[in-house]
Structure formats: structure tokens, C-alpha cells
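Number of protein chains: 2
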Amino acid sequence: MTQVDEILERLRQDGGRVTAARRIVVSALVDTPGPLTAEQLAEVVQAEHPEIHLATIYRTLDALHELGVVQHTHVGHGPAVYSIGSSHQHLVCEVCGEVIDLPPELLDELRATLRKRYKFQLDVGHVALLGRCTRHR
Amino acid sequence: MTQVDEILERLRQDGGRVTAARRIVVSALVDTPGPLTAEQLAEVVQAEHPEIHLATIYRTLDALHELGVVQHTHVGHGPAVYSIGSSHQHLVCEVCGEVIDLPPELLDELRATLRKRYKFQLDVGHVALLGRCTRHR
DNA sequence: ATCTTTGCAAACTTTTTGCACCAAT
DNA sequence: ATTGGTGCAAAAAGTTTGCAAAGAT
Numbered sequence: 001m002t003q004v005d006e007i008l009e010r011l012r013q014d015g016g017r018v019t020a021a022r023r024i025v026v027s028a029l030v031d032t033p034g035p036l037t038a039e040q041l042a043e044v045v046q047a048e049h050p051e052i053h054l055a056t057i058y059r060t061l062d063a064l065h066e067l068g069v070v071q072h073t074h075v076g077h078g079p080a081v082y083s084i085g086s087s088h089q090h091l092v093c094e095v096c097g098e099v100i101d102l103p104p105e106l107l108d109e110l111r112a113t114l115r116k117r118y119k120f121q122l123d124v125g126h127v128a129l130l131g132r133c134t135r136h137r
Numbered sequence: 138m139t140q141v142d143e144i145l146e147r148l149r150q151d152g153g154r155v156t157a158a159r160r161i162v163v164s165a166l167v168d169t170p171g172p173l174t175a176e177q178l179a180e181v182v183q184a185e186h187p188e189i190h191l192a193t194i195y196r197t198l199d200a201l202h203e204l205g206v207v208q209h210t211h212v213g214h215g216p217a218v219y220s221i222g223s224s225h226q227h228l229v230c231e232v233c234g235e236v237i238d239l240p241p242e243l244l245d246e247l248r249a250t251l252r253k254r255y256k257f258q259l260d261v262g263h264v265a266l267l268g269r270c271t272r273h274r
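Residue numbers (my numbering), protein chains in the order written: chain G, 1 to 137; chain U, 138 to 274.
Written out as C-alpha cells, the structure reads:
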């Protein structure tokens, strides 16, 4: 069973329906590596299926989010970026928008400190860390 | 010289003008502790001066940002929060919106790691870390 | 047959902008 | 007198929603 079929199956098991649009959106998401915005995903999808509306992309991403299949991250000003898989921290270059995925362990210590000193449970993955990448100092 | 006058003076030295609206917005900003949204600042301002438009608040915050007097931070979904003073990291509770200011040293180690391992210069202060505060686990 | 999803247009939220008038220098 | 700021209304940008028709189960 392909990754796409697995995801569609989970949608069905959740009481959802496996529609043509969802098949196409999920395929595009699986085939396109790295975090991307809803708009970018729509472009990929609409290259072959222009009838699939941006609202459908948002709704599909939403359904997948409820299943825990995709995460989204808010990046400074611009639009949110969505990515498949489990929650992790993103690094985003403020100049070029490059997104770097960080290994979760990198924040273990900070997470521990915040929990102990501030009684705060860090939720990485929902907002990105901003900064500047090599090419833009 | 009060903090308000200092800030207004810097505006003037930058070629800007010290208007009634700016005096009022800067006073409200100085008098209201903690990070707040443009909307919240507008409410404070408009309680006494309803003629001051939200657009003026944004433009004043923008002018102050260019002077380095205020910073703003993007908080997950909602609106940006503005605060006076130098850049620092915010912790925001996803449930209640509570904002906690973090001492900058707390991120020194992470910053060093990102610089060495990812050649990435972290810009704390422009996006918040999300999570859950004590009351909302 | 039922209940979900779709496409569309319109609403919504936050922020920005064009413009004519007003005010600070 | 000149230049920059203000209020207003309208536009942007990103996302969500109401609705009738279409489609999946």
C-alpha cells in the first residue's frame, strides 16, 4: 500500500470520503517534498487539475491536520506552510524564505528549561523560528 | 525628559513630525505594559481619543519600528503583538494567549548551535514560541 | 438514501494604501 | 511654503464559510 493510499484509508476510517480531489491533493502533497503553502500546493494540483479550488485544498489540509497527517507552521508575515509528517521545528530565512527542518532533539534542552522554569509546555512545529540563512547575512 | 518625550524627539530627529496623534499613541504604548496587538492599542487610545484611526496606529507603530523603538512578533494564528524595547523571545499560550517574555540568554545555546551546525542566524523576537501555560495542560 | 465534499462566491480578519485635507516644521 | 501625517474608505492577502449541486458510502 502506497503512502497515498494509507492516508486516504485513514480518511475513510475517520468517516470521511475518498474523493477524486482528495486523491489528487494527497498525491501532490506526498510527491512534493518540503513544506509548502496552500497556494503553492494549489499550483501543483491545478497544473493538472485546474478545476480543484483553493478552498478544497484548505479543507483537505484541514482534514489531514485533524488526522495528524499534516502540520502547519506560521512563518513571520507570509502564509502558513504545510508539511506532511510529525511535528517538528522549522527554521525560516526572512530574506529568501528558505525553510530548514530541525531535528526535534535540538530543542530538548530548551523544552526542559521552559517546563521547569516557566511551567510552559513548548509546542514546536506551529510557529517557525526566523533568521537568516548562509546566503543572507 | 520622560520616555515619551525621548521617543517623540527621536521621531523628530529622524525627519518625522510630532503630532497630537503620535503623542497619544506613544503615551498609550509606554503606559500599557506588556505586548499588545494594534487593535488593543487602538482601544486604549480610542477610549480617550476616538478620532484616532486604526490606520494611524499601524503607521505610528511602523515609524517606531523603523527607529528600533518597538518590536512586533507574530503569534500563531492571530494578529501580531507589539512591544516597546529591544528584541526578545516571547512564549505564547495557544489556549489563553498569555504572553511570557523570555530573558535572551535562555536561547544563547540554541543560537550557537544553529549558527555552527546550520549556518543560520537566529532572529528571536519576530516570531513567538507557542505552547501551553500552567493552567492549560 | 444519506451524509460528505465540492466549486463558487462572498465574508472575514489583519494590515496596507491612495487620496484629499490638515498640520508641523 | 513645504513636506509629512491624518482620517477615511477601499484594497490586499490569507483563510474561512454558506449554499446548492455532485459524489461517496
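Note that beta-carbon positions come from the ideal geometry of N, C-alpha and C, so glycine has one too.
Predicted, not measured: the structure shown is a model, and the values here were computed from it.
- By alpha-carbon distance to Ala42(G), the top candidate from Glu94(G), Lys116(G), Ile57(G) is Ile57(G).
- Residue-level contact check: Ile100(G) touches chain U, since one or more beta carbons of chain U fall below 8 Å from its beta carbon.
- Here DSSP, grouped into helix, strand and coil, assigns Ser220(U) to strand.
- When Val4(G), Thr60(G), Thr134(G) are compared, the shortest CA-CA separation from Ala38(G) is found for Thr60(G).
- Identification of residues in the region 221–236 of chain U having a C-beta nearer than 8 Å to some C-beta of chain G yields Leu228, Cys230, Glu231, given in sequence order.
- Arg111(G) is classed as buried because its beta carbon has at least 16 other beta carbons within 10 Å across all chains shown.
- Nearest CB-CB separation between Glu246(U) and chain G: below the 8 Å threshold.
- Partner residues in the beta bridge of His72(G), as assigned by DSSP, are Tyr82(G).
- For Gln3(G), there are no neighbours in chain U by C-beta distance under 7 Å, as the nearest C-beta there is about 28 Å away.
- For the set Asp123(G), Leu29(G), Gln13(G), Thr19(G), the Cα lying nearest the Cα of His74(G) is the one of Asp123(G).
- Put simply, the backbone Cα of Glu188(U) is about 12 Å away from that of Val162(U).
- By the Cβ rule, the region 77–88 of chain G does not count as touching the region 218–235 of chain U, because fewer than three pairs are nearer than 8 Å.
- In the three-state reduction of the DSSP assignment, His88(G) falls in the coil class.
- When Cβ-Cβ separations below 8 Å define contact, Leu130(G) makes contact with chain U.
- Within the region 144–203 of chain U, the complete alpha helix (DSSP H) runs of at least 4 residues fall at 157–168, 175–185, 191–203.
- When DSSP reads this structure, Val264(U) sits in a beta bridge with His211(U).
- Val127(G) sits close to Gly213(U), with the two beta carbons spaced by under 8 Å.
- Per DSSP, the unbroken beta strand (DSSP E) holding Leu239(U) starts and ends at 236–239.
- Leaving aside the five residues that flank Val4(G) on each side, the residues in its chain whose CB is nearer than 6 Å to its CB run, in chain order, Val26, Ser27, Val30.
- Inter-residue distance for Leu102(G) and Glu242(U) is about 21 Å (C-alpha atoms, whole angstroms).
- Counting along the chain, Thr113(G) sits inside the alpha helix (DSSP H) bounded by residues 108–118.
- Of the candidates Thr32(G), Gly125(G), Thr2(G), Thr19(G), Gly125(G) places its Cα closest to the Cα of Ala80(G).
- Note on geometry: alpha-carbon atoms of Gly171(U) and Arg17(G) lie some 47 Å from one another.
- Chain-ordered listing is empty here: chain G has no CB closer than 9 Å to the CB of Leu173(U), the nearest sitting near 19 Å.
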